[in-house]
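Residue numbers (this note's numbering): 56 to 391. Backbone N, C-alpha and C define an ideal beta-carbon position, used for all residues, glycine too. Below is one structure, written out as structure tokens; comments come after it.
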């Protein structure tokens, strides 16, 4: 096992990253420094804004995409709502029957939505399917979407592929190949403050989208776009940027940069090893997700010092870079 946990100040037994991730010490320190500047008025905002560029570049490296294809926002649902402007009238969007509402409601407002089991998404894509929207990792159970099958079927029918990476990016190696939009709320596995979100937008999707939230930050040069007409928006994904919540990105930048240093492959292997240690101790086969969904008594877990969540009537445990073998053993003791 690694000694990565020394880079965090995580309380033992925190197995709830699928709800929110814990900041690395460097991210917390940088954020506290900027909050002190804000408190005293001892800094201009421009150094804080530099964190937005750092975070955008780090996210681009994490998903293997050009920074010019990355938009920044505050929530996944806001990015999805803007993506929905690319849908034609009477569009049909296919979603899993169990899917987080931030990746359902934006489509339900703009299109006709059909839902099917996650494992059967690919076989239900037809020439009438405008887009298929799904989470790479299902938040309640940790189930992986059959991404390769979905992409293959979507290519056959010229269907947009819209993937939510909020429960995947940070531990699961991801590339945008075959994906038109990859949306990620950064407060979970990316360990950023809530209020930072990222989206990869493919050029073919962007050409059909409208920047309905256009603002000074979506201009080619925000520093020259403080006032008045004419309308000017960037020629890349920055056209869809929201004006950033600076402090969220001050915390996001060092967290994402640390992940690029540790390596997503290594972080994923670490997380899976801990989750599978628990599975093995319970007599379960190995899994391919660091999220465990178990029939367990939440009160018993809490009494053992385990912080987990309850989703779909089951206990949800989730392991990340700051967790240790001791956390896994503590969970096993409470579960057996």
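When burial is assigned at 16 or more other CB atoms within 10 Å of the CB, is residue i buried or exposed?
i	result
residue 225	buried
residue 89	buried
residue 286	exposed
residue 329	buried
residue 154	buried
residue 197	buried
residue 182	exposed
Determine, using beta carbons only, whether residue i and residue j come nearer to each other than 8 Å.
i	j	result
residue 201	residue 177	yes
residue 139	residue 103	no
residue 369	residue 348	yes
residue 205	residue 227	no
residue 377	residue 59	yes
residue 250	residue 129	yes
residue 186	residue 217	yes
residue 381	residue 372	no
residue 190	residue 232	no
residue 146	residue 167	yes
residue 243	residue 72	yes
residue 325	residue 57	yes
Any idea which residues DSSP pairs residue i with across the strands?
i	result
residue 197	In the DSSP output, where bridge partners are listed per residue, residue 197 has none listed.
residue 362	69
residue 254	126, 238
residue 348	371
residue 149	169, 187
residue 217	188, 236
By Cβ distance, which residues of its chain are closer than 6 Å to residue i, with the 5 residues on each side in sequence left out?
i	result
residue 336	387
residue 157	131, 132
residue 389	355, 356, 359, 361
Return the chain-ordered list of same chain residues with a C-beta closer than 8 Å to the C-beta of residue i, the five sequence neighbours on each side being excluded.
i	result
residue 392	Nothing can be reported for residue 392: it is not among the residues displayed for the chain, which extend from 56 to 391.
residue 271	277, 280, 281, 298
residue 266	137, 273, 288, 294, 295
residue 340	334
- Query: Is the segment 222-242 close to the segment 128-139, with three or more CB pairs under 8 Å?
  - Reply: yes
- Cβ pair count under 8 Å reaching 3, the segment 283-299 against the segment 119-126: yes
- Query: Counting Cβ pairs closer than 8 Å, one from the segment 103-122 and one from the segment 307-319, do we hit at least three?
  - Reply: yes
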